[in-house]
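First the structure, in the form of structure tokens, and then the observations on it.
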Amino acid sequence: MPYTWQTPPPDGTRAALSAWPFRSLPKVGFVWFIGGTAALLCIPLIPALGTPVLWGLLPFMLGALWLLYFLLQKSYRDGEILEELTLWPDRLLLTRQNPKGARQSWEENPHWVRVTLHRSGGPVPYYVTLSGKGREVEIGAFLSEEERKALYAELAALLPLRD
């Protein structure tokens with residue numbers, strides 16, 4: 014799962030959670046994919062070796078390879094999200110590190126935090142939110158549906174209020 018509870022939790026905390034988006038293509042697979050794509054793009058160039066046609070095809074092949082590399086790198090950068098939830102006996106802190114470096118945080122007394130699972134109506138099915146002090150924040154929206162359900166069950170067991 015792309016989230017983990019720290020066991021044992023850090024000193025003085027009841028629980029600590031880290032969540033991040035799933036990576037279907039690890040960095041090693043990325044290198045192999047780009048290399049394999051480059052090799053496959055060279056196959057149509059073999060008959061054109063030594064002819065002026067090679068110079069007409071080469072920019073398009075290199076452009077396609079560069080575009081693939083650029084878009085995969087952008088996908089990696091967009092997925093650099095890290096959500097951390099830390100629960101102490103007297104406070105709960107949720108921080109989110111966004112892809113462009115912006116950091117967001119939300120803090121509340123865990124006694125007043127309500128965990129809600131929105132089966133529909135959210136940006137994704139089975140949307141999990143935490144609310145308190147008149148503010149509602151999402152957690153784990155980038156997780157799969159089954160992972161959000163499991164996260165809700167784990168959070169509901171930790172926090173006293175739930176819907």
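Under the working numbering, the first residue of the sequence shown is numbered 14, with each subsequent residue one higher. All residues carry an ideal CB built from backbone N, CA and C; glycine is no exception.
Query                                                                                                                     : Result
Reduced DSSP category for T20 - H, G, I as helix; E, B as strand; rest coil                                               : coil
Element boundaries [beta strand (DSSP E), containing W125]                                                                : Counting along the chain, W125 falls outside any beta strand (DSSP E), and DSSP gives it neither H nor E.
Rounded distance between the beta-carbons of R148 and W119, thought under 8 Å                                             : 7 Å
DSSP bridge partner residues for R116 (one or two, in chain order)                                                        : Q110
Continuous beta strand (DSSP E) stretch holding Y140: start and end                                                       : 140 to 145
Beta-carbon contacts of L62 that lie in its chain and below 6 Å, excluding the five residues immediately before and after : none
Opening and closing residue of the alpha helix (DSSP H) in which V41 lies                                                 : 40 to 55
Contact under 7 Å by Cβ, A29 with P21                                                                                     : no
Cross-strand partners of T99 (DSSP beta bridge)                                                                           : A29, L106
Per DSSP, the bridge partner or partners of E160                                                                          : Beta-bridge pairing links E160 to no other residue.
Per DSSP, the bridge partner or partners of E151                                                                          : T142
Selected residue, minimal CA-CA separation from P112, among L130, A77, R90                                                : R90
Cβ pair P138, E158 closer than 7 Å                                                                                        : yes
First and last residue of the uninterrupted alpha helix (DSSP H) at F83                                                   : 66 to 91
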